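Visitor: Have a look at this one before I ask anything.
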Amino acid sequence: MPLFENHVGISVSINKIRLVELVYTENEFFLENIDEENFEEDLLPNFIAKNFFNVLHKSFQQILSRISISSKNVSFSLDPEFFQIFHVPFDTTLLKRDLIDHLKWELSKIKPSLNSGDYILQNIELKKVDESGYNQTAVLALHRNYFNSLIEFCKENKLDLKFVDYSHTASNNLLRFIKAIKGLSGLSVFKSSHDYSFMILDDFIPTSLIKKESVQHDTYLADVKTKINELVGHRSGLSGFLFSFITGSTIKKADIDSLNKMFDLNFKILDPFAVIKTSETFSSSINIQENTNEFTSAVGVALRLF
Numbered sequence: 006m007p008l009f010e011n012h013v014g015i016s017v018s019i020n021k022i023r024l025v026e027l028v029y030t031e032n033e034f035f036l037e038n039i040d041e042e043n044f045e046e047d048l049l050p051n052f053i054a055k056n057f058f059n060v061l062h063k064s065f066q067q068i069l070s071r072i073s074i075s076s077k078n079v080s081f082s083l084d085p086e087f088f089q090i091f092h093v094p095f096d097t098t099l100l101k102r103d104l105i106d107h108l109k110w111e112l113s114k115i116k117p118s119l120n121s122g123d124y125i126l127q128n129i130e131l132k133k134v135d136e137s138g139y140n141q142t143a144v145l146a147l148h149r150n151y152f153n154s155l156i157e158f159c160k161e162n163k164l165d166l167k168f169v170d171y172s173h174t175a176s177n178n179l180l181r182f183i184k185a186i187k188g189l190s191g192l193s194v195f196k197s198s199h200d201y202s203f204m205i206l207d208d209f210i211p212t213s214l215i216k217k218e219s220v221q222h223d224t225y226l227a228d229v230k231t232k233i234n235e236l237v238g239h240r241s242g243l244s245g246f247l248f249s250f251i252t253g254s255t256i257k258k259a260d261i262d263s264l265n266k267m268f269d270l271n272f273k274i275l276d277p278f279a280v281i282k283t284s285e286t287f288s289s290s291i292n293i294q295e296n297t298n299e300f301t302s303a304v305g306v307a308l309r310l311f
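Under our numbering, the residue at position 219 of the sequence shown is numbered 224, and the numbers go up by one with no gaps.
The structure is reproduced here in structure tokens:
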């Protein structure tokens with residue numbers, strides 16, 4: 006089996022799916038297809054939407070009525086609203102099975118109202134910049150109903166499921182194509198319908214992950230800034246951010262202006278199509294130049310190899 010294969014990436018928000026298809030030819034990935042479809046009704050992740058499969062499948066069929074995909078491999082990125090996220094210290098000597106059991110126990114203590122057995126857990130080991138600190142991991146908990154629905158979706162559409170990722174993590178895959186920031190520390194921001202996700206990165210590796218609802222915007226950003234300053238202040242390796250990127254959906258100029266003012270940085274929008282060329286047979290039913298950042302996580306998860 007070849008290492009690189011054609012791959013469909015689908016990002017799922019609470020109100021829309023966005024699809025890209027990447028084909029691998031001549032030792033390079035090319036964008037073959039791109040499309041999006043609004044849901045007839047918004048999903049309510051906090052209530053573990055039982056209609057998730059039906060909404061997703063119907064929207065996908067609408068896309069297939071406009072374009073034709075050739076890839077059998079598919080991966081999904083889900084927005085922050087679908088995840089429970091928490092941080093815990095952990096023992097690096099634990100075997101994978103023991104680590105998962107430990108994280109489930111931590112989830113039951115941190116969120117006692119949840120049944121830890123109902124969740125699929127993925128952990129992101131955070132880079133320890135300060136050697137005097139503890140080893141920490143960010144834990145992403147996705148309800149099994151969503152994961153099982155994605156499996157059912159793939160069976161129904163004769164697709165091979167490869168990965169299910171957090172949209173911010175998937176988007177950060179594209180940062181590795183920006184050679185100028187290799188080895189530097191910076192701040193990455195993902196904006197979804199109701200949440201902001203912040204990651205402090207050091208040479209592309211997360212050292213911290215913060216997710217909160219963006220209800221009271223100014224107050225919220227001030228709280229995040231305080232938290233980030235606390236994290237940076239205790240980690241001598243992160244004396245300042247040398248890059249800052251934002252991506253996701255519904256990003257307005259006012260959002261970027263607020264971030265720039267609050268953090269005294271110059272945020273750039275992460276454009277996925279700046280690193281991916283279109284194929285000669287490229288097909289799109291939408292204007293690819295409009296809101297390109299909304300497809301970042303779909304492209305990012307399609308580029309994931311391991």
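Beta carbons: idealized from backbone N, C-alpha and C, even for Gly. Here the structure is a predicted model, which means the values were calculated and not measured.
From E33 to E46, what does the alpha carbon distance come to, in whole angstroms?
Guide: So the alpha carbons of these two residues sit roughly 38 Å apart.
Visitor: To the nearest angstrom, report how far apart Q141 and T286 are at their CA atoms.
Guide: 46 Å
Visitor: How many Å lie between A54 and V60 at the Cα?
Guide: 10 Å
Visitor: Nearest by alpha-carbon distance to E42: which of E299, S113, I183 is it?
Guide: Checking every option, the nearest Cα to that of E42 belongs to E299.
Visitor: Could you pull the DSSP bridge partners for L36 from this structure?
Guide: L27, T283
Visitor: Quickly, what does DSSP pair F250 with across the bridge? List them, please.
Guide: As computed with DSSP, F250 is found in a beta bridge with S193, K273.
Visitor: Roughly how many angstroms lie between the CA atoms of L308 and K232, to the nearest whole one?
Guide: 31 Å
Visitor: Does Y139 come out as helix, strand or coil in the three-state DSSP assignment?
Guide: DSSP places Y139 in coil when its eight states are reduced to three.
Visitor: Buried or exposed for S193, please, with buried defined as at least 16 other CB atoms from any protein chain shown within 10 angstroms of its CB.
Guide: buried
Visitor: Measuring straight from C-alpha to C-alpha, what distance separates F44 and S64?
Guide: 6 Å
Visitor: Counting pairs of beta carbons, one from the region 175–190 and one from the region 147–157, are three or more of them closer than 8 Å?
Guide: no
Visitor: Whole angstroms is fine: what's the gap from I186's alpha carbon to F248's?
Guide: 7 Å
Visitor: Over what stretch of residues does the alpha helix (DSSP H) that includes F268 continue unbroken?
Guide: Residues 258–268.
Visitor: Just how far apart, CA to CA, sit V119 and P50?
Guide: Checking the sequence, you will find Leu at residue 119 rather than Val. So the two alpha carbons sit approximately 14 Å from each other.
Visitor: Output the distance between the C-alpha atoms of E218 and L100, rounded to the nearest integer angstrom.
Guide: 34 Å
Visitor: Measuring CB to CB, does S82 end up less than 8 Å from S302?
Guide: yes
Visitor: Mapping DSSP to helix, strand and coil, what is D200?
Guide: D200: strand per DSSP, three-state reduction.
Visitor: Please report how far the alpha carbon of D207 lies from the alpha carbon of R102, in whole angstroms.
Guide: 28 Å
Visitor: Restricting to Cα atoms, I'd like to know which of E130, R181, H62, H12 is closest to E157.
Guide: H62
Visitor: For the beta strand (DSSP E) that E218 lies in, which residues bound it at each end?
Guide: 210–218
Visitor: Using the three-state DSSP reduction, which class does L69 fall into: helix, strand or coil?
Guide: Of the three classes helix, strand and coil, the one that applies to L69 here is helix, per DSSP.
Visitor: Which same chain residues, not among the five before or five after M6, have their C-beta less than 7 Å away from its C-beta?
Guide: Residue confidence is low: M6 scores 49 on pLDDT, short of 50, so the model does not pin down where it sits. No coordinate-derived value is stated.
Visitor: To which residues does DSSP link D165 through a beta bridge?
Guide: N78
Visitor: Within the chosen definition, does the region 165–175 reach the region 84–94 through at least 3 CB pairs nearer than 8 Å?
Guide: yes
Visitor: With the cut-off set at 8 Å, would you say L27 and H12 are in Cβ contact?
Guide: yes
Visitor: Given 7 Å as the limit, tell me if V229 has its C-beta closer than that to any heavy atom belonging to the ligand GDP.
Guide: Only the bare structure without any ligand can be found here, which leaves the ligand GDP out of the picture.
Visitor: Using DSSP with H/G/I as helix, E/B as strand and the rest coil, what is G242?
Guide: Note that G242 scores 46 on pLDDT, short of 50, meaning its location in the model is unreliable; the coordinates nonetheless yield the value given after this. Three-state DSSP puts G242 in coil, outside helix and strand.
Visitor: What did DSSP end up calling A303 once you bin it into helix, strand or coil?
Guide: helix
Visitor: When the Cα of D200 is compared with those of T255, V93, F182, which residue comes out closest?
Guide: T255
Visitor: Pick helix, strand or coil for P117, following the three-state DSSP scheme.
Guide: coil
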